[in-house]
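Each residue of the sequence shown is one higher than the last, beginning at 1 in the numbering used here.
In what follows, a single structure is set out as structure tokens and then discussed.
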Amino acid sequence: MPQVSKIRLDKKTEEELIKKLEMALAKIGSTQEMSSFLDSLLTKNEKIMVAKRLVVAILIQDNYTDSQISRVLNLTRITVAKARLFYELRSGDLKIGIKKLEAEQNFEEFKKMLIALANYSIRAAGGYVKL
Numbered sequence: 001m002p003q004v005s006k007i008r009l010d011k012k013t014e015e016e017l018i019k020k021l022e023m024a025l026a027k028i029g030s031t032q033e034m035s036s037f038l039d040s041l042l043t044k045n046e047k048i049m050v051a052k053r054l055v056v057a058i059l060i061q062d063n064y065t066d067s068q069i070s071r072v073l074n075l076t077r078i079t080v081a082k083a084r085l086f087y088e089l090r091s092g093d094l095k096i097g098i099k100k101l102e103a104e105q106n107f108e109e110f111k112k113m114l115i116a117l118a119n120y121s122i123r124a125a126g127g128y129v130k131l
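Structure, rendered in structure tokens:
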């Protein structure tokens, strides 16, 4: 996880910064604009971290186990367990974003790819894959 400065901002300033970020994200109108914005704001590792969090939520929603999710995304089970706890506490908020993704035409293809990867990982872990 990226490190936050040890010198904390006051709570009001932190809240204002977060509001500005949320406002900027909400006003971005296209995938291309969002991509450019995120490229200029986040490192590749930060984008991957956020994307993995989203995929963990999707897989949790589809009833995958922590160990299955861990294998598919190359995460520790502790990380997945923490994400599961976060999801259980805030799932209503996450479901809003997931529902919007599900409306996209290629989301089902993406989900099928994740499920195929999960199933392969499960078989491979059990020694059932022929090379």
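Glycine is no exception: its CB is placed at the ideal position from the N, C-alpha and C atoms.
If I measure Cβ to Cβ from residue i and keep anything under 8 Å in the same chain, skipping five residues before and after, which residues do I get?
{"i": "lysine 20", "result": "none"}
{"i": "threonine 135", "result": "For the chain, the structure presents residues 1 to 131; residue 135 sits outside this window and is missing."}
{"i": "leucine 17", "result": "Leu9"}
Pull up the CB-CB distance for residue i and residue j, whole angstroms please, since I reckon it's below 8 Å.
{"i": "valine 56", "j": "alanine 81", "result": "In fact, because the Cβ distance is near 10 Å, the residues do not count as touching under 8 Å."}
{"i": "lysine 47", "j": "leucine 38", "result": "6 Å"}
{"i": "leucine 101", "j": "phenylalanine 107", "result": "5 Å"}
{"i": "arginine 77", "j": "serine 91", "result": "Incorrect: roughly 20 Å between the Cβ atoms, too far for contact."}
Where does the unbroken alpha helix (DSSP H) through residue i begin, and where does it stop?
{"i": "aspartate 62", "result": "Aspartate 62 -> no alpha helix (DSSP H), and no H or E assigned at all."}
{"i": "threonine 31", "result": "31-41"}
{"i": "isoleucine 7", "result": "Careful: isoleucine 7 lies outside any alpha helix (DSSP H) and carries neither H nor E."}
{"i": "glutamate 104", "result": "It is not in any alpha helix (DSSP H) - glutamate 104 carries neither H nor E in the DSSP assignment."}
Residues in the same chain with beta-carbon distance under 7 Å from residue i, minus the five sequence neighbours each way, listed in chain order, please.
{"i": "glycine 29", "result": "none"}
{"i": "leucine 131", "result": "Because leucine 131 carries a pLDDT of 46, less than 50, the predicted location of this residue cannot be relied on, and the following value inherits that uncertainty. Excluding sequence neighbours, leucine 131 sits near nothing in its chain."}
{"i": "tyrosine 87", "result": "Ala57, Ile60 and Leu94"}
Going by C-alpha distance, which of the options is nearest residue i?
{"i": "lysine 52", "options": "Ile69, Asp62 and Met34", "result": "Ile69"}
{"i": "leucine 89", "options": "Ile60, Lys47 and Ser5", "result": "Ile60"}
{"i": "leucine 75", "options": "Gly92, Ala24 and Val50", "result": "Val50"}
{"i": "threonine 31", "options": "Thr79, Asp66, Glu104 and Lys11", "result": "Glu104"}
{"i": "aspartate 62", "options": "Lys6, Thr13, Ile98 and Leu17", "result": "Ile98"}
{"i": "lysine 112", "options": "Asn45, Glu15 and Val72", "result": "Val72"}
| task | Give, in chain order, every unbroken run of the alpha helix (DSSP H) that is at least 4 residues long and sits entirely within the segment 70-98. | result | none
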